[in-house]
Structures are given as C-alpha cells and as structure tokens.
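One structure is given here, and the rest of the page talks about it.
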Amino acid sequence: MFGQIRRKAPGNSGVPSAAMPAHSDAEPGASPRTPGTLAPAIETRELAKRYGAITALAGLTLTVGRGEVFGFLGPNGAGKTTAVKLLLGLARPSGGQGRVLGAPLGDRTVRRRIGYLPELFRYQPWLRAREVLRLHCELAGLPRSAWPGEVAGGLRLVGLADRGEHLVGTFSKGMQQRLGLGVALLGSPDLVVLDEPTSALDPVGRSDVRRIVREVRERGTTVFLNSHLLTEVERLCDRVAIVDHGRVVAAGAPGELAADGAVRVRTDGLDAALVARLALDFGELRLDGEWLTAALEPARVPDLVAALVAAGARVHVVEPGRSTLEDVFLRVVSGGSAGGGAGGEAGVPA
Ligand code: ATP
C-alpha cells in the first residue's frame, strides 16, 4: 500500500539537526499555506547513507522552497531513491542533516502532510479504484466525513471519474499510475513526492500529469519529482538538481542550466583561417557549415558580429546557443565540466 507515506512507516527521529535553522511550522498543525514565510519544504546538508561498504548517498545538500515544482534528476544508482527514503523517514541517515516541512527527518506529524507516489507500486487487484482511495483516506487518518469528497475529487483530478467502480486488476499501467497519483494527493498534502509519475503514461497522460501538477502547485503544494524523462522535467519544473554519485552536481532553473552562454551565428563568407584569426579575440569558435558557435558574454555579441562583417562575412542570424536539459545532464554526469550552477548547493533563489 503505497501511495502515501504518511500512513504506514514507523517513525524514526532522523539525524540531529542542530546546525540547521528551526522554523515555525515544525509544530503540529501549523498552517503551511504561505510560501515564503515558512521553512523550506526540504533542506538537507551533506545528507548521507551507507549500507555497509556501499555509499548509497555521499552527501546531499539541497533546499527546495515552498510551492516549487522541483525536479530531482540523476543517472541510475546516483542515490535518488535513497534520498527520497531518507526524506520520507523510511531509512535512517548515516550522516548529515535534513528537515522536511521544517521538522527533522522522520517526524511522524509531518509525515501526515506528505503525499508519496513510489515508482514501483501495485495496489490490490481485487479492490475497486474507489476502494483504494477510501482505504488510503482511512490510512491517512482523514476524517470519515471527508472521505466521499476526497475520493470523488481524487478520481476526477486524475481522470478516472468513470472508473471508480472498476477493479484495479483490470487497469492498464497508465491507469494505475493515475490512481497512484490520486492516492498521493489525498488530503491536499503540503509536499508531494512523485517517483517517475509519468513513466507508464502515453503523451495524453503525461500532459494530464503536467496539468495536475500545475494545479497542485497553484494550491501552494510543493512537488518533488524524480524522473528520467528530461523533456517532461524541463517543461514542468521550476528548478532541478542533478545528482551524481550521491552529490548535487548541477542545480538551477532548467532554462538557466540550459543557457550555457553560447551564441550561434549563421554566416557565409567564413573560412578556417578567418575563424582561427577571430578566435584570437573571441576565444574558442566552432564552425559547422554556415553556423559559427561561440561561448561569449552577451555584451560581446555585437563585437563578434561587427568583426565578422569587417572581415567580409555576411551575418544572417544570431541566436542563443541553448542546450537542452539532456545536454546539461550528459555533460555533468559524465565527468565533464558542469554547466551553470554546477557543483553548488541546490539553493532557493534569494
Ligand atoms: P535508479 O535511477 O536506478 O532508480 P537511484 O538514483 O534511485 O537509481 P539508489 O536506488 O538510491 O539509486 O541507489 C544508489 C546506490 O546505493 C546504488 O549503488 C545501490 O546499489 C545502492 N543501494 C541502494 N539501496 C541499497 C541497499 N538497501 N543495500 C545496499 N545498497 C543499496
């Protein structure tokens, strides 16, 4: 039973958090609805997990602000699931510190305010969708009077309103994933952790999930999203952190990370000798057919254009040399130099 961490795991007190600031909403029952005035949704410092000789998470430092949709990315084995387990209190850290919704990791009260969609889950095939949601209302400790509204609202939100009476065993993978999302969102949690929420979905389903996540964000809910589908992440997330070997290697808004400072110019009249001469002034230049790519400060772009024209070339197009999030990912996880924001803390922008 899967969808909501708040119902099931035994508590643990987590690591001591003395060095991390305590925040006002750590107390049970505090209102979490005003982004910016409360503790960050998630804060970790050098959070680590070892299993014997294996280091599953080396030292995760990140901050996720309230109301953000935050993408948590990394290659297989980078430590993402381990980090999620620590954040949810399902595993105990071996080192470092962390707070979720202002409380130490594993805090049982806070757990009630977290919704969780695990990656590999199976609901009981003999239950109807409506029964799964009802069961999770009960496990979440929601007041009985709220169950009908929660169940109907959940089914509607995830596009299963006409499937409530159907057995889960007859559901496609995508429908099960939608149901899992509905379960994770029961009771309007303050933080929702979604592990690969779109992996089984067709393009329509993915677009639905994007709509649902945006809707959830409108309510002020923080979404922590783990996905290998980088184009989805790029479209959905306010900020991302890329982890590799258990550490953050790049962090920032997808657009910031992907804007690598390059400029592309479509020209004619250039040859290798001319490019080599211009490179003395403008640093590394790459000519690929008609396209010249340079890594330049924005203020130097007019100088480059003027130099090209002065050298006899004609300039047709000047545009930002934008990478995709996938380009950034491949660069930072393969040991190359990190893109913008790399290597630092995944902090909340000031
Ligand atoms: P994926 O994208 O494949 O799901 P991940 O980033 O979620 O990968 P984790 O599952 O957190 O990676 O695993 C990180 C490392 O820790 C891996 O080398 C894994 O083998 C190891 N690991 C995770 N859990 C355990 C465990 N219970 N015992 C031993 N090693 C573990």
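All residue numbers for the sequence shown refer to this note's numbering, where the first residue is 14 and numbers rise by one.
Beta carbons: idealized from backbone N, C-alpha and C, even for Gly.
Owing to the predicted nature of the structure, the values given are computational and were not obtained by experimental measurement.
Which first and last residues belong to the beta strand (DSSP E) in which LEU70 is found?
Per DSSP, the unbroken beta strand (DSSP E) holding LEU70 starts and ends at 67-77.
When you compare only the Cα positions, how much space is there between GLU228 and CYS250?
13 Å
Kindly indicate which three-state DSSP category PRO311 falls into: helix, strand or coil?
PRO311 falls in the helix class under three-state DSSP.
Same chain, Cβ closer than 7 Å to LEU170, five either side skipped, listed in chain order
GLY195, LEU198, ILE225
If you follow the alpha helix (DSSP H) that GLY233 is part of, which residue opens it and which one closes it?
Neither: GLY233 is in no alpha helix (DSSP H) and is coded neither H nor E.
For ALA69 versus GLY92, is the C-beta distance shorter than 7 Å?
yes
Any heavy atom of ligand 1 within a distance shorter than 6 Å of the CB on ILE67?
Checking the 6 Å criterion, the Cβ of ILE67 is within range of a heavy atom belonging to ligand 1.
If you measure from the CB of GLY87, is any heavy atom of ligand 1 nearer than 6 Å?
yes
Exposed or buried, what is SER240 when buried is set at 16 or more other beta-carbons lying within 10 Å of its beta-carbon?
So SER240 counts as buried.
For THR211, does the count of other Cβ atoms within 10 angstroms reach 16, so buried, or fall short, so exposed?
Buried: at least 16 other Cβ atoms inside 10 Å.
Can you tell me whether GLN189 is buried or exposed? The criterion is at least 16 other CB atoms within 10 Å of its CB, across all chains shown.
buried
Report the option in VAL345, ARG147, LEU51 whose CA atom is closest to the CA atom of PRO161.
ARG147
Please identify the residue among PRO88, ARG79, THR74 whose C-alpha is closest to the C-alpha of VAL341.
PRO88
Evaluate PRO138 with the Cβ neighbour count: other Cβ atoms within 10 Å of its Cβ, from every protein chain shown; 16 or more gives buried, anything less gives exposed.
exposed
Considering only their Cβ atoms, is the gap separating LEU180 from ARG141 smaller than 7 Å?
yes
What separation, rounded to the nearest whole angstrom, lies between the Cα atoms of ASP203 and ARG230?
ASP203 and ARG230 have their C-alpha atoms some 10 Å from each other.
Below 7 Å between beta carbons: does that hold for VAL328 and LEU321?
yes
Run through the DSSP bridge pairs and tell me what VAL113 is partnered with.
ILE55, ALA116
Excluding the 5 residues preceding and the 5 following ARG299 in the sequence, name in chain order all residues of the same chain whose CB lies nearer than 6 Å to its CB.
THR306
Considering only heavy atoms of ligand 1, does any lie closer than 6 Å to the CB of GLY92?
Within 6 Å of the C-beta of GLY92 there is at least one heavy atom belonging to ligand 1.
Where does HIS149 sit, in a helix, a strand or coil, going by DSSP?
helix
With 16 as the cutoff for other CB atoms within 10 Å, does VAL206 come out buried or exposed?
buried
Tell me whether ARG219 sits in a helix, a strand or coil according to DSSP, three-state version.
In the structure shown, ARG219 adopts helical secondary structure according to DSSP, grouped into three states.
Opening and closing residue of the alpha helix (DSSP H) in which PRO267 lies
Here the alpha helix (DSSP H) through PRO267 covers 267-271.
Compare the beta carbon distance of GLY177 and ASP221 with 7 Å and say whether it is the shorter of the two.
no
Determine the DSSP secondary structure at THR280, reduced to helix, strand or coil.
Three-state DSSP puts THR280 in a strand.
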